[in-house]
Every structure is written in C-alpha cells, then in structure tokens.
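Worksheet for the structure shown next.
There are 2 protein chains.
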Amino acid sequence: MDVCQQIEKALHLAVNEITVAPSPARLASALNYAMFPGGARVRPKLVMAVAQACGDVSTTLVREAAVAIEMLHCASLIQDDLSCFDDASCRRGKPCLHIEFDDRLAILASDGLIVAAFERVSSVVHADAQAQLKLIRMLAHKVGAVHGITAGQAWECEEEIDIEAYHCAKTGALFAASTQAGAIAVGVDSAPWELTGNLLGCAYQIADDIQDVLGDSTKLGKPTNVDAKHGRPNVVHELGAEKAIAHLQDQIDQVIASVPACNNANFFIETIRHEAQRFLPKEIALSAA
Amino acid sequence: MDVCQQIEKALHLAVNEITVAPSPARLASALNYAMFPGGARVRPKLVMAVAQACGDVSTTLVREAAVAIEMLHCASLIQDDLSCFDDASCRRGKPCLHIEFDDRLAILASDGLIVAAFERVSSVVHADAQAQLKLIRMLAHKVGAVHGITAGQAWECEEEIDIEAYHCAKTGALFAASTQAGAIAVGVDSAPWELTGNLLGCAYQIADDIQDVLGDSTKLGKPTNVDAKHGRPNVVHELGAEKAIAHLQDQIDQVIASVPACNNANFFIETIRHEAQRFLPKEIALSAA
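Sequences listed follow chains A and B, in order.
Oh and the first sequence: position 92 is 91 in numbering that gives the first Met the number 0, straight run, nothing missing.
Oh and the second sequence: position 103 is 102 in numbering that gives the first Met the number 0, straight run, nothing missing.
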C-alpha cells in the first residue's frame with residue numbers, strides 16, 4: 000500500500016468508529032460527507048513524510064497522528080464554509096456540508112471531528128505515553144485560541160487584522176502541527192521541524208492566494224475570488240501575479256533549506272518538491288507568465 | 000479555600016492561558032464571557048466530590064479534569080443557544096454569546112473551549128501518564144459523536160428521536176464524565192462511578208424539564224417553555240407536575256443507592272442531597288403540590 004492508500008484506509012477506519020450505532024444517522028452521514036472523498040490530504044502526507052524522513056513510518060501513532068490532523072483540517076473547512084464565515088457554496092466539487100445538510104449538522108460534524116482527533120491519539124496502545132501526551136498538547140496548541148487555527152479564523156472577526164499572526168495561525172499552524180507530529184510520533188526532537196512546517200504553511204498560503212485569483216473554480220472544486228469578496232489580504236493583489244509566483248518559488252527554496260538533519264532528508268526534500276508542483280498547477284504558472 | 004473558590008480560581012487560570020497575546024481580542028473577550036460569571040458549576044463540583052469521596056482531592060489532575068469538563072459544558076451551552084439550535088436570547092441572566100458577539104465568535108469560542116479542555120488534561124505534570132490518557136479518552140467518548148454530547152445534540156436533527164439515547168448522550172454523558180473523571184484522576188476504578196453519573200444526569204434532566212415548565216425565567220437566568228417551543232419531550236408534559244416531582248425524588252434515591260464503595264461515601268451522599276435541593280427550588284415543589 001502506498002502512503003495515500005494507507006491514509007485513506009486509516010481515515011475510513013477512524014470515521015467508521017465515530018459513525019457506528021447509536022450515533023444519530025444524519026450526523027453519521029455528515030461525518031462521512033465531511034471526510035470523503037478527500038482533498039489532496041497534504042497534511043497527513045506531511046506527517047508520514049516527516050516520520051519516514053526520521054526513519055520510521057510504520058507505527059500506529061504516526062498513522063493516528065496523521066488521521067487526527069486531517070480530521071482537524073476537515074473540521075476547519077466545514078466551519079470556514081459556513082454562511083457566517085465564507086458563505087461558500089461548494090467544496091471539493093460538491094455542495095458544502097452546511098448546504099447538503101444544514102448549519103446544525105455542520106457545527107456538530109466539526110465538533111465530532113475535533114473530539115475524535117484527540118480520541119484517536121489518546122487511544123493508541125503505545126510504549127511511550129509521554130509522547131502521546133506531547134502530541135495531544137501540541138495539537139491543542141496548534142488548533143487553539145491563542146496560536147492555532149481557532150485564533151486564525153478569529154482574526155477575521157477583528158476590526159484590525161494582524162496579518163502575520165493571521166496567516167501563521169490560520170494556515171501555518173496546522174502545517175507546523177503536521178511536521179512536528181511526524182517527529183514526535185517517532186520519538187525524535189520535534190522543535191527543529193516547526194520552522195519547516197511554518198515555512199511550508201506560508202508557501203501553501205501563497206499558492207492558495209494565487210489559486211484564488213488565477214485558478215479555475217471547476218478544477219479546484221471550490222469558488223475563487225473569495226479574498227476579494229471578503230476584503231481579505233491576498234499576495235496577488237499586493238504583488239501582482241508574476242511576483243507572487245516568484246515569491247512562492249522563493250518560499251519553497253526556504254522550506255527545503257530549513258529541513259533538519261535526519262536519516263532521510265533527501266527523501267523528504269523530493270516529497271516537498273513533488274507536492275509543490277501540485278500547489279501551483281503548470282497552467283496557472285504559464286497563464287501568469 | 001472552599002471547593003467553589005478552588006474551581007473559580009482554576010477556571011480563571013485556565014481561561015487566562017487561552018486569552019493571552021496573540022489571541023485575537025474579540026475571541027478572548029468571548030471566551031471570558033462564555034465562562035464568567037458561571038452557573039452552578041455542578042459538573043466540576045461533582046468531579047471534586049468524587050475525588051474527595053475516593054480519598055484525594057488535592058492533585059492538579061483532579062482540578063484540571065474539573066476545569067476541562069466545565070469548559071466542555073460551557074462550549075455545549077454556547078452551541079445550544081445558537082439561532083440554528085434553540086435560538087435562545089439569554090443565558091445565566093445575560094444575552095447569549097452569539098447575541099452579545101456574533102455567530103462566528105460563538106462557534107470559535109466553543110472550539111477554543113473544546114480544544115483547551117484536552118490541552119488542560121494533557122498538560123498536567125503527573126506521575127501517571129496512563130491515567131491522563133485514560134481521562135482524555137473518556138472525555139472524548141463522553142463529548143463525541145457516538146455516545147457523547149455531540150450525539151445528544153444531533154438527535155435533535157433527526158426526524159425520529161431515540162429518547163433514551165438522546166437524554167443519555169445530551170445530559171447523562173457529561174455527568175458520567177464528571178464522576179468517572181474524579182475517580183480516574185485519583186487512580187481508582189472509574190467503571191462503578193459511571194452508573195452514578197448517568198443516574199445523576201437523568202435526575203438533572205428531570206429537574207431541568209420541571210424548571211422549563213414551572214420555573215421562573217428571571218430567577219433561572221434563561222428562557223422557560225423551551226421544550227414546548229421546539230416540540231421536545233418533557234417529563235412534566237408526560238406525567239404532570241406532581242408525578243414529575245415524585246419521579247425526581249425517586250431518581251435521587253437511585254443515585255444515592257448507586258454510590259460505589261469508597262473511603263468517604265457519606266460525604267458524597269451528603270453533597271448529592273445538598274445539590275439536589277438546588278435542582279428543584281422549594282417554591283417550585285410547593286407550587287406544584
């Protein structure tokens with residue numbers, strides 16, 4: 000099984016466990032709808048890539064850390080799309096969860112996924128309980144109200160936005176959680192991996208900004224020009240398309256330069272280069288040139 | 000410091016930690032608004048009472064378990080009140096959070112509290128890491144999408160409601176979490192405490208039903224006749240006021256009969272009797288008689 004298949008299998012097992020009886024039927028449907036079919040699964044693949052780069056990918060804790068982060072990510076997407084936030088109509092090429100179901104089930108499905116994320120990591124039978132607790136603390140930190148994606152989303156509710164704190168929390172946090180989770184789960188020092196995750200998050204944010212302005216809504220499976228609609232900062236509006244793409248390339252170089260010493264750094268760097276091509280499809284780069 | 004003061008102090012410390020910079024200012028205000036001033040703090044007092052009945056109340060893990068459960072409870076109240084659920088206007092004698100702030104901050108404050116609950120328990124420096132993991136698993140189970148309060152709330156979104164599963168998940172789950180948390184945090188077997196928590200949850204649900212029909216909205220600090228408005232089951236509608244009050248008394252007797260053998264069962268039983276008087280103020284009992 001390749002990494003993508005391993006991730007899908009683990010996600011299916013995890014969602015199965017929170018949709019069994021006596022889970023209410025519509026909530027169970029909403030949870031499945033939120034998780035499948037997935038997007039690019041960038042974050043769980045990142046967890047697995049860091050674990051593999053550090054020498055070990057086969058443990059249950061690595062896999063469950065990857066599952067937990069994807070669940071937290073999907074919960075954040077459900078909330079982003081709500082009418083009180085982005086008021087989006089489609090996601091991953093199908094109606095948003097709050098449109099297919101309703102606002103209530105959207106909120107409850109996101110609750111269910113957030114809680115399940117912590118349940119997964121705490122339920123692994125693993126020799127190092129302290130590593131599990133560290134993982135849980137780190138995940139909570141990266142999705143919480145101070146530095147995490149909850150804070151990131153809440154910056155959109157402020158009259159004056161702290162751009163750096165906003166991007167760092169809204170996008171960077173879950174990328175840093177992914178790189179750190181891979182390290183913690185295999186028992187190596189996670190601190191040096193935080194920078195790599197943060198830089199990757201910045202790169203992804205730039206790519207997302209570029210796609211929002213230059214991308215094709217049908218291919219992306221979600222609406223474009225959302226930042227303009229909500230008056231939010233976007234790097235293409237600030238720098239123009241050409242400079243924004245150069246800025247993305249520069250950012251990816253920084254990510255690669257930041258990769259900590261590890262057993263298999265080359266493998267990790269190759270994975271990043273490969274994923275970076277997905278960040279910015281060729282036709283966008285060409286159309287901007 | 001008495002137990003109430005200990006709980007308030009611990010809650011203030013916990014909320015301070017999730018409202019420091021760079022937490023966005025409005026989110027920080029919303030988190031404080033959600034937690035203070037509190038209600039009766041029934042659930043954290045229950046955690047402390049079980050821990051004391053089992054012989055030890057002074058550990059940080061007991062206190063943080065109590066804090067975590069109150070945070071999860073307050074998060075569920077915020078969500079219950081949203082316009083897409085109960086569409087309530089006031090709670091604890093002041094405007095509901097989504098009215099004082101907005102729907103976005105209500106959702107994000109509840110996210111912040113849910114995440115912080117898991118962060119608190121995972122962050123305690125405690126000799127028994129397995130007990131911490133067990134606490135986290137148990138909490139996730141009791142707030143999750145199968146047996147927990149997320150499932151309980153989701154039963155309200157079904158066309159046909161499973162009344163037993165609904166009450167058990169919506170109210171019983173967090174009471175059972177409270178009794179079990181007190182036991183786990185002091186290292187005794189939590190399994191026998193689940194029944195006591197479930198029975199207490201049932202008693203509380205009956206008292207809540209009675210208050211909804213017979214209570215004074217001003218004294219309760221929240222609207223009454225909510226069940227009739229939403230067409231939800233209510234024991235007073237089913238049995239009449241007099242039988243409902245007798246049913247409550249019977250339920251409290253069952254709670255007391257269920258208390259597991261422990262160092263200080265009498266203390267626990269006295270606490271339950273004392274709290275039961277708050278469940279049903281004398282004037283309601285008299286007015287129904």
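Don't be surprised by glycine CBs; every beta carbon is placed ideally from N, CA and C.
Is DSSP giving residue i helix, strand or coil here?
i      : result
B:C201 : helix
B:R90  : strand
B:T223 : coil
A:P191 : helix
B:I148 : helix
A:I160 : coil
A:C53  : coil
B:M137 : helix
A:F267 : helix
A:N15  : helix
A:C261 : coil
A:S82  : coil
B:R277 : helix
A:F100 : coil
A:M0   : coil
B:V120 : helix
A:A284 : helix
A:F35  : coil
B:D215 : coil
A:V185 : coil
B:S22  : coil
B:H125 : coil
B:C95  : coil
B:E237 : helix
B:T58  : coil
B:R272 : helix
A:R40  : coil
B:D63  : Just to set this straight, residue 63 of chain B is Glu in the shown sequence, not Asp. The answer is helix: DSSP assigns B:E63 an H, G or I state.
B:E7   : helix
Suppose contacts are defined by Cβ-Cβ distances below 7 Å. Is residue i in contact with residue j by that definition?
i      : j      : result
B:L76  : B:H97  : no
B:L26  : A:A105 : no
A:Q179 : A:M137 : yes
A:A284 : A:I251 : no
A:I183 : A:L132 : no
A:L30  : A:A108 : yes
B:K141 : B:A164 : no
B:D86  : B:D79  : no
B:N263 : B:A52  : yes
B:D211 : B:V225 : yes
B:A175 : B:F278 : no
A:K221 : A:C89  : yes
B:T217 : B:V258 : no
B:L112 : B:A74  : yes
A:I162 : A:P232 : yes
B:A64  : B:V185 : no
A:Q245 : B:Q129 : Per the sequence shown, residue 245 of chain A should be read as Ala rather than Gln. No, Cβ-Cβ distance for A:A245 and B:Q129 is not below 7 Å.
Against residue i, what residues of chain A qualify as contacts under a CB-to-CB distance less than 9 Å, listed in chain order?
i      : result
B:A150 : P21, S22, P23, L26, L107, G111
B:L104 : A153, C156
Listing by chain order, which chain B residues have their CB less than 7 Å from the CB of residue i?
i      : result
A:I17  : G143, A144, V145
A:Q131 : L132
A:A128 : A128, Q129, L132
Under 8 Å Cβ-Cβ, which residues of chain A neighbour residue i?
i      : result
B:V114 : I113, A139, V142, G143, A144, G147, T149
Applying a beta-carbon distance threshold of less than 7 Å, which residues of chain A neighbour residue i?
i      : result
B:I135 : F117, S121, I135
Does the CB of residue i have a neighbour CB from chain E at under 7 Å?
i     : result
A:P43 : No chain E is present in this structure, whose protein chains are A and B.
**OP:** Pair every Cβ in the segment 26-46 of chain B with every Cβ in the segment 189-196 of chain A, then say whether three or more of these pairs are closer than 8 Å.
**Re:** no
Subject >> Selection of the segment 23-57 of chain B by Cβ proximity to chain A, strictly under 7 Å >> reply: P23, A24, R25, L26, L30
Subject >> Where the segment 69-97 of chain B meets chain A: residues whose CB sits under 8 Å from a CB there >> reply: Q78, L81, C83, F84
Original post:
Taking any Cβ of chain A, which residues in the segment 175-186 of chain B have a Cβ under 7 Å from it, in chain order?
Top reply: none
Subject >> chain B contacts made by the segment 264-278 of chain A, where a contact means CB separation under 8 Å >> reply: none
**OP:** Answer yes if the segment 116-125 of chain B comes into contact with the segment 61-77 of chain B, meaning at least three C-beta pairs across the two stretches below 8 Å, and no otherwise.
**Re:** yes
Original post:
Which residues, in order along the segment 153-178 of chain A, keep a beta-carbon less than 7 Å from a beta-carbon of chain B?
Top reply: A153, W154, C156, E157, D161, A164
Original post:
Given 8 Å as the limit, is there contact between the segment 146-157 of chain A and the segment 165-182 of chain A, that is, 3 or more CB pairs closer than that?
Top reply: yes
Original post:
Any residues in the segment 221-244 of chain B with a beta carbon nearer than 8 Å to a beta carbon of chain A? Which ones, in chain order?
Top reply: none
Original post:
Looking at C-beta atoms only, is the number of pairs between the segment 230-246 of chain A and the segment 56-66 of chain A that lie closer than 8 Å three or more?
Top reply: no
Subject >> Segment contact, 8 Å Cβ cut-off, at least three pairs: the segment 16-31 of chain A with the segment 84-103 of chain A >> reply: yes
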